[in-house]
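K.L.:
I am attaching a structure below and will ask some questions about it afterwards.
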Amino acid sequence: MGKIGIMGGTFNPIHIGHLLLAQYALEENDLDEIWLIPTGCSYMKQDCSVMNADERHYMTKLAVSEHPKMRCMDIEIKREGYTYTFETLEQLRLLYPGDEFYFVFGADCLFSIENWKEPQKIFDSCTIIAAFRSGSSMDEMEKKKAALVTAFHAKIILMPFLRIEISSTAIRERLKEGKSIRYMVPDAVLRYIEEKNLYRLPNED
Ligand code: NAP
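Following this line, the structure appears as structure tokens:
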């Protein structure tokens, strides 16, 4: 049985904050692998104005291509309609019945996950690894964790993580302003964004 981390994300584009989170999750939890899964069309971003899924997927693939324990999967971008995490986890459990899944996200998601579609199914399908940044209030997170354990029998690991003030939004803004994003994304991703001139147009998000 493998211990598999799952990290979903819009990854628009993927950056070193995402990759360090994946790396920490791997090592701190003795995971065998971590699979990055770019979203298709998220129901929380219903206008679907985000960069097309194939580009986001390709950049994510480039970012992890040389890592022996990281993979990028296209199961969400191939799915018709909106992307729901519970469906992804159920699909993975059917495809890989021998594995145990750990869904990795920033701890803020602990406070919104009840509003995601079918939270009980999410908690039934995986253990959550919630990464909290240094300086966050532990008390509130421990309380939230306890509430989710009571309400959903959730399995939740609170994982200490770094505070890295990089976001995909800031990266897109820098590109629009003609500024460099070197070192904010892996070199291969930087080269691809430059080659394809991505995120340069005012309405290209
Ligand atoms: P994202 O913006 O691309 O971020 C992906 C993950 O990386 C998030 O957990 C985010 O945590 C973390 N992250 C980003 N920048 C970081 C930094 N500088 N340092 C540390 N961590 C960083 O993706 P997203 O749009 O939030 O989506 C995350 C997942 O949640 C996706 O799989 C999506 O499908 C899922 N989701 C599902 C539903 C549903 O099923 N109904 C609803 C909403 C989201 P932070 O958010 O804390 O930055």
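Counting from 1 along the sequence shown, just add 6 to a position and that's the residue number in our numbering.
Each residue gets a CB set at the ideal place from its N, CA and C atoms; glycine is no exception.
All figures in this text were calculated on a predicted structure; none of them were measured in a lab.
What three-state label does DSSP hand I134 in the structure shown?
P.N.:
Strand.
K.L.:
To which residues does DSSP link K9 through a beta bridge?
P.N.:
Paired residue(s): E106.
K.L.:
Quick test of your reading: A113 and A137, contact by CB under 8 Å. State the CB separation rounded to the nearest angstrom.
P.N.:
So it is a contact: roughly 6 Å between Cβ atoms.
K.L.:
Mind checking T91: buried by the 16 CB within 10 Å criterion, or exposed?
P.N.:
So T91 counts as buried.
K.L.:
Closest to M144 by CA distance: which of M165, V155 and I119 is it?
P.N.:
Taking only the C-alpha atoms, the option nearest M144 is M165.
K.L.:
Apart from the five residues on each side of it in sequence, which residues of its chain come closer than 7 Å, Cβ to Cβ, to R178?
P.N.:
So the list reads Y205 and D211, once near-sequence residues are dropped.
K.L.:
Please confirm whether E39 and R77 have their CB atoms less than 8 Å apart.
P.N.:
Yes. Within cutoff.
K.L.:
Of all the options I163, G141 and S140, which has the alpha carbon lying nearest to the alpha carbon of K150?
P.N.:
Looking at the Cα atoms, I163 is the closest of the given residues.
K.L.:
Could you check the C-alpha separation between I12 and L26 for me, to the nearest Å?
P.N.:
Computed Cα separation, rounded: 14 Å.
K.L.:
Whole angstroms is fine: what's the gap from S131's alpha carbon to G141's?
P.N.:
Computed Cα separation, rounded: 30 Å.
K.L.:
Any idea what DSSP makes of G46, helix, strand or coil?
P.N.:
It is coil, neither helix nor strand.
K.L.:
Quick check: the segment 178-187 against the segment 195-205, are at least 3 beta-carbon pairs closer than 8 Å?
P.N.:
Yes, the segment 195-205 is in contact with the segment 178-187.
K.L.:
Cutting at 6 Å between CB atoms, please list the residues of its own chain near T133, excluding the five before and the five after it.
P.N.:
So the qualifying residues of the chain are Y108 and K161.
K.L.:
List the DSSP bridge partners of R85.
P.N.:
None, per the DSSP bridge assignment.
K.L.:
Is the beta carbon of M65 sitting closer than 8 Å to the one on I20?
P.N.:
Yes; because the gap between Cβ atoms is below 8 Å, this pair is in contact.
K.L.:
Between V195, K84 and L32, which has its C-alpha nearest K67's C-alpha?
P.N.:
Among V195, K84 and L32, the Cα nearest to that of K67 is on V195.
K.L.:
Check I22 in the structure and name its three-state DSSP category.
P.N.:
Here I22 sits in helix by DSSP.
K.L.:
At what residues does the beta strand (DSSP E) containing L164 begin and finish?
P.N.:
Run containing L164: I162 to F167, per the beta strand (DSSP E) assignment.
K.L.:
Return helix, strand or coil for F117, following the three-state DSSP convention.
P.N.:
The answer is helix: DSSP assigns F117 an H, G or I state.
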